[in-house]
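Below you'll find the structure, written out as structure tokens, and then a few comments.
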Amino acid sequence: MPPRKSAAKPDVSADELKQYYRDMLLIRRFEEKAGQLYGMGLIGGFCHLYIGQEAVVVGLEAAAREGDRRITTYRDHGHMLACGMDPDGVMAELTGREGGYSRGKGGSMHMFSTEKRFYGGHGIVGANVPLGAGLAFADKYLGNDNVTFTYFGDGAANQGQVYETFNMAALWALPVIFVIENNQYAMGTAQKRSTSTPDIYTRGEAFGIPGEAVDGMDVLAVRAAGEKAVAHCRAGKGPYILEIKTYRYRGHSMSDPAKYRTREEVQKMREEKDAIEHVRDLLLSGGHATEDDLKAIDKEIKDIVNKAAEFAKTSPEPAPEELWTDIIAEVAPQNA
Amino acid sequence: MATEILMPALSPTMEEGTLAKWLVKEGDTVKAGDILAEIETDKATMEFEAVDEGTVGRILVAEGTEGVKVNTPIAVLLEEGEDASAAEAAPSAPAPEQQATPAKAPAAAKAPEAPKTDTSPDWPEGTETQKMTVREALNAAMAEEMRRDETVFVMGEEVAEYQGAYKITQNLLEEFGAKRVIDTPITEQGFAGIGVGASWGGLRPIVEFMTWNFAMQAIDQIINSAAKTLYMSGGQMGSPIVFRGPNGAAARVAAQHSQDYAAWYAHVPGLRVVQPYSAACAKGLLKSAIRDPNPVVFLENEILYGRSFEVPKLDDFTIPFGKAKVWREGTDVTIVSFGIGMTYALEAAEKLAGDGISAEVIDLRTLRPMDTDTVIRSVMKTNRCVTVEEGWPVASIGNHISAVLMQQAFDYLDAPVINCTGKDVPMPYAANLEKLALTSTDEVIDAVRQVTYR
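Protein sequences, first through last, are from chains A and B. Position 319, counted from 1, in the first sequence is what the working numbering calls 371; the numbers after and before it change by one each time, with no gaps. Position 364, counted from 1, in the second sequence is what the working numbering calls 682; the numbers after and before it change by one each time, with no gaps.
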């Protein structure tokens, strides 16, 4: 198969390409490891893997800058790694241990890092959309030009509160980017069976919010679209919608029998559209990296993930007293 | 035939108003739809239209008159050919704006006088006080906190240009501007979520729900997003936000607009839940709520908005959460209530005193945290307890107090605890049925007689 070309052809350096390769690979290997730990019974409950969608968060993080915020739904591991959260802390939260970001009390779907300006990790489909607009509201009120990336899926795009939020975000010109990660399936329901029109990005038109569709399997196209959206928001022009067409290779959650799509469909996406392979091709064909360079990156990632898994296995369970902490704050939390 | 024009009820809870201005004079001819007068209620100034045509025969209440009771004749309308003498014998006509006689809510009876005994005063002895309505107290609390902290803002339906559907946010727009006093679209789930997000972003939102009934659209954001995040984040981030608005039955607004959410929200860890009765409590607790680092559900009551109470003249008056107020000391029975239930509790106590039964009346004020210690101490003295609330009986606040007393004061109880509650039915519209659905002073008196065997 000849190397795919990036549609966007943005000005990209070899170092940037290598960084995107590295960041996407970290997410993929991390998720593979999480799947493995789930199978071993070390991770419980719901666990939604991000494998296949890596270019979305890596491309958009490349368009973000210090001070910007992000918030997403329950398929959140990739977002956390992409914004620089520590893989040890994320993995230890998956195993419900003291060393996790929420000290084991949140789990896969409920993690936060005020330091990295990551505001969850939300288990209620659609509920994070007004929350993201609220974060953007705070930035506007405080008079800075930060933007908030509010991620949600094609399934959440049918929730009523999404449109309540579109209306207010447009009305008040909030600096929020609505990122619709369209992986084509709302759990097990294909988009065409759940959504009346194929192009979700056009749903902002009724509110005067510009939107565009983006190839989510091309990290450079995602970055370019992200930069455009960010510029729009920072200029005070209000919200922007990016519908990023992507694909998840794994099931909705670990317990998904995947009867709603064929094995061939998944295989075809992996072989022809994989975002990591795409960057790998760009690196090799452009002479930016050798096979050995990439092997070194692979090794580095493998070590990080193994270390995270080891930490997640050995970090102790939270002390029983933790049951009763963090219910009511005595002093004001350092939000912002 | 001449008809009397009666002082109209221009809101479900209006009992009286000010005849601000006559727009017609005696001898004027009017037709249906003409504006006769401007009438000021406790919520707004409204225009009052004629429903019949005729000639204004006599004006019975001069403009500027305050406290004109609903259904008082204010003018006489003459039919063609009649002269003013017909006005003398004019029969009453229903108030044009509302055909049925407006039913007074049972709770609308005269507020009992503040009891003399207060074992635990909320302000230093000797502090000067002033009469203030609950509405004015809530408004003052928000204004004071908005002056103190730039990050405090208020958002909700009609809070700004309309001056508040119940006038609680009156004049805030003028003082603080549109950046901090924000009219929202009718979209409770959306703006509740935006409020919670803003609280994570470093602000101190006050989200007004026009009534708590509409907050059911937003209950997911209140519970799943606001109440649980501190825990789910391992203490990293909380939600310093106040959700407030009128709660419970107003008057004649029927099932979807008449519901007490006290027990619903008191159930949820991670929330503070406040339901004040007096103006002083409303002010002191709302100021505490705005400063609190946790999400606060602040349940007000439309019928109480217009009631007046003594409020201390202090620059910065706050009341801590989790501290009940003993309104009246007694020895024979403990009556526990909160919010508008206090009107029944205090009225019952007053009547019972006339029969020689001494009731101690406790106002919980905050339902989470709940000051059960004060209740237990009181029951250890009185050995009997009656609870009073407007909410439904199943899984009520009264049920919880009963359980606490059974577990922690079993040996002190001389009778089973009785819970006076709203009836286990959706709120009916018919005036007689509505009255039956609510609890009442008589029910409280009966319950006290049962537990005291007197």
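Ideal Cβ placement from N, Cα and C applies to all residues, glycine included. Please read all numbers here as calculations on a predicted model, not as lab measurements.
Check your understanding: Can you give the Cα-Cα distance for T435 (chain B) and W645 (chain B), rounded to whole angstroms?
Key -> The pLDDT assigned to T435 (chain B) is 39, lower than 50, so where the model puts this residue is not dependable, and the model offers no usable value.
Check your understanding: In chain A, which residues lie with their C-beta within 7 Å of the C-beta of V514 (chain B)?
Key -> L183, G186
Review point. Since A33 (chain A) contacts L69 (chain A) with CB under 8 Å, what's their CB separation in whole angstroms?
Key: The structure shown does not extend to residue 33 (chain A), since chain A is modelled only from 53 through 388, so no value can be given for it.
**Study point:** Three-state class that DSSP yields for F226 (chain A) in the structure shown
**Key:** First, the amino acid is wrong: residue 226 (chain A) is Leu here, not Phe. If DSSP states are grouped into helix, strand and coil, L226 (chain A) belongs with coil.
Exercise for review: Could you tell me if E754 (chain B) is buried or exposed, where buried requires 16 or more neighbouring beta carbons within 10 angstroms of its beta carbon?
Suggested key: One point to set straight first is that residue 754 (chain B) is Leu, not Glu, in the sequence displayed. Result: exposed.
Practice item. Starting from S246 (chain A), follow the alpha helix (DSSP H) in both directions and report where the run begins and ends. Key: 243–246
Review point. With respect to the beta strand (DSSP E) encompassing M450 (chain B), which residues constitute its N-terminal and C-terminal limits?
Key: 447–451
Check your understanding: Which first and last residues belong to the beta strand (DSSP E) in which A338 (chain B) is found?
Key -> 334–340
**Study point:** Between the CA atoms of P744 (chain B) and V769 (chain B) - distance to the nearest angstrom
**Key:** 28 Å
Exercise for review: Could you have a look at N737 (chain B) and say whether DSSP puts it in helix, strand or coil?
Suggested key: strand
Review point. Using a C-beta to C-beta distance shorter than 8 Å, which residues of chain A count as neighbours of D538 (chain B)?
Key: I176, A179
Review point. Does the beta carbon of V697 (chain B) fall short of 7 Å from some heavy atom of the ligand HEM?
Key: As presented, the structure is devoid of all ligands, the ligand HEM included, so that no description of it is given.
Check your understanding: How about S294 (chain B) and A663 (chain B): do their beta carbons lie closer than 8 Å?
Key -> Lying before the first or after the last residue shown, residue 294 (chain B) is absent from chain B, which here runs from 319 to 772.
Practice item. Measure the CB-CB distance between A533 (chain B) and E506 (chain B) and report whether it falls below 8 Å. Key: yes
Check your understanding: Is there contact between the segment 494–505 of chain B and the segment 474–484 of chain B, where contact requires at least three CB pairs shorter than 8 Å?
Key -> yes
Review point. Between A765 (chain B) and I736 (chain B), what straight-line distance do the alpha-carbon atoms span, to the nearest angstrom?
Key: 6 Å
Check your understanding: Are the C-beta of L77 (chain A) and some C-beta of chain B separated by less than 8 Å?
Key -> no
Check your understanding: Applying the criterion that 16 or more other CB atoms from any shown protein chain within 10 Å of the CB defines a buried residue, is F728 (chain B) buried or exposed?
Key -> exposed
Check your understanding: Taking the Cβ atom as the reference point for each residue, do T445 (chain B) and P630 (chain B) lie within a distance shorter than 8 Å?
Key -> yes
Practice item. Note down the Cα distance separating E415 (chain B) from S576 (chain B), rounded to an integer number of angstroms. Key: Here E415 (chain B) scores only 43 on pLDDT, less than 50, and its place in the model is too uncertain to base an answer on.
Check your understanding: For the beta strand (DSSP E) that contains G205 (chain A), what are its first and last residues?
Key -> 200–205
**Study point:** Span separating the alpha-carbon of Y392 (chain A) from that of I296 (chain A)
**Key:** Nothing can be reported for residue 392 (chain A): it is not among the residues displayed for chain A, which extend from 53 to 388.
**Study point:** Short CB-CB distance (under 8 Å) between Q593 (chain B) and chain A
**Key:** no
Check your understanding: Who does N234 (chain A) pair with in a DSSP beta bridge?
Key -> A:K297
Review point. Taking the alpha-carbon positions, what's the D326 (chain A) to M92 (chain A) distance?
Key: 27 Å
Check your understanding: For L324 (chain B), which option in B:V348, B:K343, B:V369, B:T363 has the closest C-alpha, if you only look at C-alpha atoms?
Key -> B:V369
Exercise for review: Compute the Euclidean distance between the alpha carbons of G13 (chain A) and E264 (chain A), then round it to the nearest angstrom.
Suggested key: The structure shown has nothing for residue 13 (chain A), since chain A only spans 53 to 388.
Practice item. Could you please give the first and the last residue of the uninterrupted alpha helix (DSSP H) stretch that includes I500 (chain B)? Key: From DSSP, I500 (chain B) is part of no alpha helix (DSSP H) but of the beta strand (DSSP E) over 499–501.
Exercise for review: Inspect the CB distances between the segment 218–227 of chain A and the segment 139–149 of chain A and report whether three or more fall short of 8 Å.
Suggested key: no
Practice item. Examine chain C for any beta-carbon lying closer than 8 Å to the beta-carbon of M688 (chain B), and answer yes or no. Key: The structure shown contains no chain C; the protein chains it does contain are A and B.
Review point. Between E216 (chain A) and chain B, is there a C-beta pair that is closer than 8 Å?
Key: yes
Practice item. Kindly say whether V231 (chain A), judged by its beta-carbon, lies nearer than 8 Å to any beta-carbon of chain B. Key: no
Check your understanding: Rounded to whole angstroms, how far is the Cβ of Y747 (chain B) from the Cβ of R570 (chain B), which I believe are closer than 8 Å?
Key -> 6 Å
Review point. Taking the alpha-carbon positions, what's the I719 (chain B) to N619 (chain B) distance?
Key: 22 Å
Practice item. For chain A, find out if any of its Cβ atoms is closer than 8 Å to the Cβ of Y549 (chain B); answer yes or no. Key: yes
Check your understanding: Where F363 (chain A) and Y126 (chain A) are concerned, what is the direct C-alpha to C-alpha distance, given to the nearest angstrom?
Key -> 23 Å
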